[in-house]
Amino acid sequence: MAASTFEISVVKESCSQLGEGPHWDETTQRLIWVDILGHSVHLLDTVTGKDVKYHFDGPVGAAVPRKRGGSLLVAVNRDFISLDLETGQKEVVASVDKDKPENRFNDGKCDPAGRFWAGTMGPEERPVCVKPHQGSLVLNM
921 MAASTFEISV
931 VKESCSQLGE
941 GPHWDETTQR
951 LIWVDILGHS
961 VHLLDTVTGK
971 DVKYHFDGPV
981 GAAVPRKRGG
991 SLLVAVNRDF
1001 ISLDLETGQK
1011 EVVASVDKDK
1021 PENRFNDGKC
1031 DPAGRFWAGT
1041 MGPEERPVCV
1051 KPHQGSLVLN
1061 M
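Numbering (the working numbering) for the sequence shown: 921 to 1061.
See the structure below:
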């Protein structure tokens, strides 16, 4: 079987301290990703190259567009935050792991039913050395 070839190109250079969770928003035709260590969410228009960045007060683990449009649901620290993309207004809609204040969200995605699944993790005692048995898997419907 012959190997397929793909054209790969850099879309944006040096844009994050720790960029993760890319999500293509079909509705707005923008790429969404988070910068965990930079405490931010990026929305990139791949045609114009315009990168809009929204800052938060802690590590951002995941961001997904909301069904109603014009906003994202963002997993920050241990909170789910609704972000209005027009005004930049942020509202905490739920919190998790209240008994583990050092935990933070690490990643999350929506399933086909539109439910937002996200995972938390314990603190990193040293870089890439995470305290075990601290995380949770949560569902925000």
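We treat Cβ as the ideally placed atom computed from N, Cα and C, and that holds for glycine.
For residue j and residue i, the rounded distance between their alpha carbons
i: CYS1030; j: PHE1036; result: 4 angstroms
i: GLY941; j: HIS1053; result: 23 angstroms
i: GLU1006; j: GLY981; result: 22 angstroms
Top-ranked residue by Cα proximity to residue i, from the options
i: TRP944; options: SER924, HIS959, GLU933 and LEU992; result: LEU992
i: LYS973; options: ARG986, GLY989 and LEU951; result: LEU951
i: SER929; options: THR947, ASP971 and THR966; result: THR966
i: PRO1032; options: THR1040, ASP1019 and VAL984; result: VAL984
i: GLY1028; options: VAL954, CYS935 and SER924; result: VAL954
i: LEU957; options: VAL931, GLY978, PRO1043 and LEU964; result: GLY978
Endpoints, beta strand (DSSP E) assigned at residue i
i: ILE952; result: 950–955
i: GLU1044; result: 1044–1046
DSSP state of residue i mapped onto helix, strand, coil
i: GLY939; result: strand
i: THR947; result: coil
i: THR925; result: coil
In chain order, which continuous runs of the beta strand (DSSP E) of length 3 or greater are located wholly inside the segment 958–1035? 960–964, 971–975, 980–985, 991–996, 999–1004, 1010–1015 and 1024–1030
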